[in-house]
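Notes for the one structure printed next.
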Amino acid sequence: MSKRILVFPCGSEIGLEVHRAMRHSAHFELIGGSSVEDHGRFVYEEYLGGLPFHDGPDFAERIAEVVLAHRIEAIYPTMDAVAETLQNLAIRLGVRIIGSDARATALCASKRATHDLLADRIPLPKRYSSPTEAEIYPIFIKPDRGYGARKCLLADTAETAHAFLSGHHPAAMLLLEYLPGREWTIDCFTDRHGALRFHGVRGRNRISNGISVNTSPSEAFAGEFAAWAHTINDILKPRGAWFFQAKLDAEGNPKLLEVAARLGGSSGVFRCLGVNFALLSAFDAFDQDVEIAPNTYAIELDRALDNRYKVDIDYTHMFVDLDDCLVVRGRLNHQLVGFLYKSLAEGKRITLLTRHGNMLEDTLRRLRIRELFDHIIHITDGEPKSTYIDREGAIFIDDSFRERNDVAQHLGIPTFAPDMVECLI
Numbered sequence: 006m007s008k009r010i011l012v013f014p015c016g017s018e019i020g021l022e023v024h025r026a027m028r029h030s031a032h033f034e035l036i037g038g039s040s041v042e043d044h045g046r047f048v049y050e051e052y053l054g055g056l057p058f059h060d061g062p063d064f065a066e067r068i069a070e071v072v073l074a075h076r077i078e079a080i081y082p083t084m085d086a087v088a089e090t091l092q093n094l095a096i097r098l099g100v101r102i103i104g105s106d107a108r109a110t111a112l113c114a115s116k117r118a119t120h121d122l123l124a125d126r127i128p129l130p131k132r133y134s135s136p137t138e139a140e141i142y143p144i145f146i147k148p149d150r151g152y153g154a155r156k157c158l159l160a161d162t163a164e165t166a167h168a169f170l171s172g173h174h175p176a177a178m179l180l181l182e183y184l185p186g187r188e189w190t191i192d193c194f195t196d197r198h199g200a201l202r203f204h205g206v207r208g209r210n211r212i213s214n215g216i217s218v219n220t221s222p223s224e225a226f227a228g229e230f231a232a233w234a235h236t237i238n239d240i241l242k243p244r245g246a247w248f249f250q251a252k253l254d255a256e257g258n259p260k261l262l263e264v265a266a267r268l269g270g271s272s273g274v275f276r277c278l279g280v281n282f283a284l285l286s287a288f289d290a291f292d293q294d295v296e297i298a299p300n301t302y303a304i305e306l307d308r309a310l311d312n313r314y315k316v317d318i319d320y321t322h323m324f325v326d327l328d329d330c331l332v333v334r335g336r337l338n339h340q341l342v343g344f345l346y347k348s349l350a351e352g353k354r355i356t357l358l359t360r361h362g363n364m365l366e367d368t369l370r371r372l373r374i375r376e377l378f379d380h381i382i383h384i385t386d387g388e389p390k391s392t393y394i395d396r397e398g399a400i401f402i403d404d405s406f407r408e409r410n411d412v413a414q415h416l417g418i419p420t421f422a423p424d425m426v427e428c429l430i
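For reference, each letter of the sequence shown is one residue, going 6 to 430 in our numbering.
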């Protein structure tokens with residue numbers, strides 16, 4: 006039987022990658038959970054909203070209730086601080102927490118602790134105790150705990166640094182040598198036996214809000230980064246997916262930025278080469294040995310905002326047009342075809358309602374879509390399409406505004422142009 010996994014918080018970039026990575030697995034059922042109304046509720050079919058924040062006083066009690074009520078067998082934390090909290094609650098909750106143990110998670114949650122652990126073993130940026138100690142400006146100031154370049158500052162002068170730090174607790178911030186060069190993420194996987202099974206370098210080619218939105222595998226400093234991966238693995242002893250980031254200093258030498266005891270949001274570039282970090286981590290968490298055999302073709306990942314919708318329509322039947330709708334410029338509209346197959350899986354019925362030429366059956370066979378339809382209505386007498394729609398709980402999809410308007414006016418059912426279908430998927 007498949008294992009039920011709570012992904013929390015499910016609307017983070019990591020939570021969305023976990024969904025992309027595991028949604029088609031027959032071995033696991035994903036339940037999304039969030040403390041705020043975020044994108045996760047548009048993505049996860051089984052979704053739990055309104056959960057307490059991980060640092061709230063009732064978090065442990067509420068999560069324990071969720072685990073029991075929803076038969077949760079493992080929790081996949083998707084933020085560093087959440088992982089640290091859940092690892093400390095693992096025994097009390099009686100479920101597996103996917104990822105590294107409490108020690109490794111706590112060390113990675115603090116960049117200062119990570120740097121202290123790896124000092125003299127891996128090149129690190131210089132760290133200053135105060136703005137006046139820095140001999141060269143600019144310097145980079147960032148939180149000891151946090152991610153995504155939040156609350157960071159590139160300070161050009163000591164005065165600017167002092168002014169910025171006045172609004173923060175001194176121990177909460179790190180003052181570091183500024184690294185102006187290229188940047189990489191090295192995605193890694195360590196199995197339950199402690200063996201580093203995979204590490205892959207990818208360039209952070211374009212960054213937005215601290216997130217790599219364009220990335221591709223890289224051979225840069227391959228030997229050096231491989232040595233770093235083994236060193237970090239030996240000292241930190243992570244489990245499952247983890248990564249570290251490196252950046253070039255002013256002399257062109259790579260230095261370690263941070264280590265994270267979780268998968269990277271853009272690690273999907275390696276997933277599409279055959280290294281599914283989320284799925285590997287889940288199997289490993291349930292003490293199953295895994296094999297990794299990546300492909301070697303060139304690949305590039307580019308990320309942008311996407312749209313998801315929730316439409317309050319209850320329908321059981323759809324009528325869909327063929328020309329310039331299901332077929333555009335002689336090619337199948339793959340988004341609409343995908344939606345129709347999804348609808349069939351949900352038990353909906355589909356009628357093709359078309360004014361196509363006399364060779365309709367030949368066209369459908371050539372396009373290999375004949376079996377999509379429960380019923381086919383071929384209009385040859387010029388009658389309006391509204392005449393042929395007699396189903397309750399129906400919707401109508403057609404490229405023609407005239408046809409859609411006629412159906413809406415006479416039948417009062419929802420009508421959709423091909424570009425609107427994305428809101429139904």
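No residue lacks a Cβ here, since even glycine has one placed at the ideal position from N, Cα and C. As the structure is a computational prediction, the values presented were derived from the model and not from experiment.
Inter-residue distance for residue 223 and residue 190 is about 10 Å (C-alpha atoms, whole angstroms).
Linking residue 89 to residue 53 through their CA atoms gives a straight-line distance of about 21 Å. Annotation: the continuous beta strand (DSSP E) that includes residue 359 extends over 354-359. Taking each of 182, 144, 43 and 19 in turn and checking the Cα distance to residue 167, the smallest one comes out for 144.
Beta-carbon to beta-carbon, residue 253 and residue 159 are separated by about 16 Å, too far to satisfy the 8 Å threshold.
In the structure shown, the three-state DSSP call for residue 196 is coil. Nearest neighbour of residue 137 by Cα position, chosen from 156, 163, 157 and 116, turns out to be 163.
Under the three-state reduction of DSSP output, residue 250 falls in the strand class. Put simply, the backbone Cα of residue 201 is about 22 Å away from that of residue 84.
Note on residue 73: under 16 other CB atoms within 10 angstroms of its CB, so exposed under the neighbour-count rule. If you ignore the 5 residues before and after residue 274, its C-beta comes within less than 8 Å of the C-beta of 207, 220, 221, 222, 304, 305 and 306, all in its own chain and listed in chain order. DSSP places residue 50 outside both helix and strand once states are collapsed to three, so it counts as coil.
Secondary structure note for residue 375: it is in no beta strand (DSSP E), with a DSSP letter that is neither H nor E.
The beta-bridge partner set that DSSP reports for residue 260 consists of 252.
Residue 38 places its beta carbon less than 8 Å from that of residue 11.
Nearest in C-alpha terms to residue 294, of all of 212, 426 and 244, is 244. Inter-segment contact for the stretch 273-289 and the stretch 232-248 is present: three or more beta-carbon pairs are separated by less than 8 Å.
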